[in-house]
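Okay, structure first, notes after.
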Amino acid sequence: MTAVTDQDHTEQAGNAVPGESGDGERDGHRPVEETLPEAEAEAEVEPEGEEEHARVERVETASGPESGPARGEEGNVTEAPGRAPADVRARAGRGRRDAVSGSSEPVAAAAPADDDSADAWDDGLIARRVTAETEQAAAMEARGHNAPPAAPLTYDGPLRSRLDALRELVGLSRARLDSRTLAEAGQVLDEAAARRRLSGQHTVVAIAGATGSGKSQLFNSLAGVAISETGVRRPTTAAPIACSWSDGSASLIERLGIPPRLRRRPLQSAESEAQLRGLVLVDLPDHDSAAVQHREHVDRILALVDAVIWVVDPEKYADAILHERYLRPMAGHAEVMFVVLNQIDRLPGEAAEQVLDDLRRLLDEDGIALGEYGEPGATVLALSALTGDGVGELREALGHFVTERGAPARRIAADVDAAAWRLRPVYATGRRTGLSEAARDDFAARLADAVGATAAGEAAERAWLRNANRACGTPWLRLWRWFDDRREPSTGRLPVRAQPDEEATARQRVEQAVRTLADRASAGLPAPWAQAVREAAVRGSQGLPEALDQLTARAGLPPGRPPRPGWWPVAVLAQASMTLLQIVGGLWLVGQIVGVMAPNLGVPVLLMVAGIIGGPIVEWSCRMAARGPARRYGVEAERRLREAASGCGRARVLDPVAAELLRYREVREQYGRVVGVG
């Protein structure tokens with residue numbers, strides 16, 4: 000609705016020129032109102048479903064409740080005297096435009112106003128009355144595009160170090176943990192990076208509460224002007240509304256997803272601007288609203304703001320939804336939290352103190368630290384937004400809170416703490432982890448048993464002794480053993496175990512050794528890392544029995560006979576001498592019997608006895624002397640086979656398992672940096 004004069008119609012044929020309300024309107028004479036088709040054509044039309052937001056947008060001005068909206072003939076809400084028109088384009092250089100509201104209601108043009116009234120006019124919104132020459136600059140300022148760039152947020156050294164550690168932790172864990180487990184940590188890093196790029200001179204504080212708690216009334220009381228709609232209808236607040244006490248906060252508000260038409264400025268007051276400069280206050284819908292969209296707005300914005308003011312009333316301060324869904328999960332954010340008991344004017348006598356004490360008890364049960372006696376924690380206050388009792392104390396607390404400029408960093412630090420606490424089951428452990436030397440030695444011993452290292456060493460020792468017997472034994476004994484081996488039947492001997500059975504047994508031993516090692520290595524680890532260790536062991540065990548067989552063939556007994564010590568030729572010569580004595584003595588006796596030689600039994604008998612007794616003595620002596628070298632030869636063969644089996648097992652199983660344990664140690668160290676523990 001607009002008051003139109005004859006002079007307005009003469010300036011441009013067929014076009015109505017919108018203007019401002021004049022002095023006669025303030026004197027109580029309301030001009031004739033009519034709807035201009037041109038104004039309706041120029042007005043920006045909101046999409047369907049935004050009527051609720053438009054109703055929230057219409058606020059009372061600082062001039063008093065009498066300047067409320069008036070309804071025209073067609074039922075459209077028009078701007079009341081003293082308010083700026085809603086997005087009407089200027090014509091003939093005399094129009095005015097509201098740079099923020101963007102309302103779709105038909106806009107009326109008012110009679111021209113004089114310069115004095117223009118200078119004195121102020122409706123408490125971001126959009127201010129401007130002259131035609133500065134209209135473009137004012138529109139850009141209202142949207143925050145021409146405001147001087149605010150200094151970005153800076154994190155102190157410890158917080159920056161924790162964020163770097165969290166980023167490194169997520170990077171090291173992506174191949175071992177599923178994306179859902181790391182989703183919250185990744186979101187914290189993204190939000191921290193996004194908040195760091197924005198203004199560090201502003202603090203975004205949300206006012207949240209249940210239906211009927213009076214949060215919108217408190218919002219208006221802090222702003223000094225009726226910005227958010229209040230009433231008995233539930234829910235009243237349908238969309239979040241932002242109010243900024245200083246310029247340069249447009250990017251922060253855009254991050255919250257609040258459109259320009261729902262952005263306001265508080266009542267212009269030097270004291271208020273000095274006290275709350277840098278504050279961006281957001282009025283949220285009811286967190287227990289029946290409309291799902293309202294609750295989604297609350298959950299989304301609560302994850303983005305720097306601090307939150309929880310408004311409770313004497314009836315719902317112990318509501319389970321508030322404590323179980325919001326306060327208890329956000330207990331770590333106590334330093335950036337205000338809990339306000341509103342409507343104390345409804346409590347008689349000392350009832351307000353009793354309710355406040357009970358509220359503190361419930362907050363303590365929720366794990367929320369209370370900022371009492373100078374300790375860090377949530378600020379708990381009691382006030383009445385209706386009467387103003389206690390609002391000044393809250394405004395003063397907010398002033399100190401905003402002036403510190405530390406809320407964004409504390410909020411990010413609390414988010415890191417919450418993410419680290421939820422990641423604790425997949426990183427922290429209450430016992431020592433890793434592979435001990437005993438476990439490594441046991442694994443090598445099991446592999447050596449699987450390849451038969453001990454049996455191979457014993458076989459090498461026996462082979463060395465047999466070779467010694469062949470070289471140092473009496474010829475008659477060696478002849479007898481050869482003949483006995485040739486004539487002994489094969490029946491009655493123990494059957495030799497088939498090779499497939501040996502291979503099956505060796506494979507089972509290898510698999511058992513790998514399982515035992517994996518169990519010991521994964522003992523005490525969090526489930527994802529224990530699973531990774533077991534999988535690494537299983538992957539390494541594939542093809543391990545075949546590799547051990549090849550190593551056994553290469554590292555087993557060398558081909559040919561075992562080496563002989565230097566004293567063996569002397570032993571052979573002695574044994575040959577004993578045999579020669581036996582032959583000489585026997586031939587001498589035969590010659591005496593035949594009569595070729597003179598009878599003399601003493602000497603030939605002595606020679607034969609010496610040869611017969613000396614041969615076994617030489618053989619026994621050689622056997623005793625060969626035990627040491629044979630043992631050393633067997634031990635060396637066993638050592639080579641054990642080292643070969645151990646090297647194969649280390650390369651295929653131990654090294655991958657150790658790599659997984661080393662990765663877990665790295666992520667555990669990074670997790671310690673995240674939680675602030677060395």
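Throughout the sequence shown, residue numbering follows numbering that gives the first Met the number 0, covering 0 to 677 in sequence. Heads up, the beta-carbon is just placed ideally off N, CA and C, and yes, glycines get one too.
Using the rule of at least 16 other Cβ atoms within 10 Å of the residue's Cβ for burial, across every protein chain shown, is residue i buried or exposed?
| i | result |
| --- | --- |
| residue 666 | buried |
| residue 156 | exposed |
| residue 482 | exposed |
| residue 124 | Residue placement at residue 124 is flagged as unreliable, the pLDDT there being 38, under the threshold of 50; a coordinate-derived value is accordingly withheld. |
| residue 541 | exposed |
| residue 673 | buried |
| residue 372 | exposed |
| residue 1 | Reliability of the predicted coordinates at residue 1 is poor, the pLDDT of 36 falling under 50, and the value obtained from them is presented with this limitation in mind. Buried, because 16 or more other Cβ atoms sit within 10 Å of the Cβ of residue 1. |
| residue 504 | exposed |
| residue 597 | exposed |
| residue 208 | buried |
| residue 298 | exposed |
| residue 302 | exposed |
| residue 247 | buried |
| residue 599 | exposed |
| residue 508 | buried |
| residue 275 | buried |
| residue 107 | Its pLDDT being 34, under 50, residue 107 is placed unreliably by the model, and the measurement read from it follows with that caveat. Classification of residue 107: buried, given that the 10 Å Cβ count is 16 or more. |
| residue 577 | buried |
| residue 292 | exposed |
With residue i as the anchor, note down where its alpha helix (DSSP H) starts and where it stops.
| i | result |
| --- | --- |
| residue 582 | 567 to 593 |
| residue 170 | 156 to 172 |
| residue 450 | 436 to 450 |
| residue 387 | Unbroken run through residue 387: none, as it is neither H nor E. |
| residue 208 | Looking at the DSSP string, residue 208 is not in any alpha helix (DSSP H); the run it does join, the beta strand (DSSP E), is 202 to 208. |
| residue 623 | 601 to 648 |
| residue 188 | 178 to 196 |
| residue 676 | That residue, residue 676, is in no alpha helix (DSSP H); it is neither H nor E in DSSP. |
| residue 364 | 350 to 364 |
| residue 703 | Not covered by the structure: residue 703. The range shown for the chain is 0 to 677. |
| residue 539 | 526 to 540 |
Just to confirm the assignment, what range does the beta strand (DSSP E) spanning residue i have?
| i | result |
| --- | --- |
| residue 278 | 278 to 282 |
| residue 243 | 240 to 243 |
| residue 306 | 306 to 311 |
| residue 380 | 378 to 381 |
| residue 340 | 336 to 340 |
With a Cβ-Cβ cutoff of 7 Å, do residue i and residue j count as a contact?
| i | j | result |
| --- | --- | --- |
| residue 218 | residue 282 | yes |
| residue 333 | residue 361 | no |
| residue 640 | residue 452 | yes |
| residue 300 | residue 330 | no |
| residue 709 | residue 396 | Because residue 709 is not part of the residues shown, which for the chain are 0 to 677, the question remains open. |
| residue 450 | residue 547 | yes |
| residue 183 | residue 418 | yes |
| residue 584 | residue 603 | yes |
| residue 757 | residue 199 | The displayed coordinates of the chain run from 0 to 677. Any statement about residue 757 would go beyond what the structure contains. |
| residue 415 | residue 159 | no |
| residue 522 | residue 175 | no |
| residue 669 | residue 192 | no |
| residue 702 | residue 278 | This structure does not reach residue 702, given that the chain is present from 0 up to 677, and the question cannot be answered. |
Can you give the Cα-Cα distance for residue i and residue j, rounded to whole angstroms?
| i | j | result |
| --- | --- | --- |
| residue 304 | residue 346 | 32 Å |
| residue 194 | residue 658 | 37 Å |
| residue 237 | residue 349 | 35 Å |
| residue 398 | residue 413 | 21 Å |
| residue 455 | residue 538 | 29 Å |
| residue 265 | residue 359 | 31 Å |
| residue 549 | residue 637 | 16 Å |
| residue 320 | residue 286 | 9 Å |
| residue 552 | residue 643 | 10 Å |
| residue 154 | residue 253 | 22 Å |
| residue 655 | residue 628 | 39 Å |
| residue 544 | residue 651 | 11 Å |
| residue 535 | residue 196 | 42 Å |
| residue 468 | residue 605 | 26 Å |
| residue 663 | residue 533 | 13 Å |
| residue 514 | residue 520 | 10 Å |
Using a Cβ-Cβ distance cut-off of 7 Å, determine whether residue i contacts chain C.
| i | result |
| --- | --- |
| residue 614 | Of the chains in the structure shown, none is chain C; there is only one protein chain. |
So does residue i have its beta carbon nearer than 6 Å to some heavy atom of the ligand GDP?
| i | result |
| --- | --- |
| residue 313 | The ligand GDP is absent from the structure shown, which contains no ligands of any kind. |
Contact between the stretch 401 to 408 and the stretch 193 to 210: three or more CB pairs below 8 Å? The stretch 193 to 210 and the stretch 401 to 408 touch, with three or more beta-carbon pairs separated by less than 8 Å.
*asked:* Could you check whether the stretch 434 to 447 touches the stretch 180 to 190, counting it as contact only if at least three pairs of C-beta atoms, one from each stretch, sit closer than 8 Å?
replied: Contact fails: fewer than three Cβ-Cβ distances are below 8 Å.
Counting Cβ pairs, one atom from each stretch, are 3 or more of them under 8 Å apart for the stretch 591 to 603 and the stretch 417 to 429?
Touching, no.
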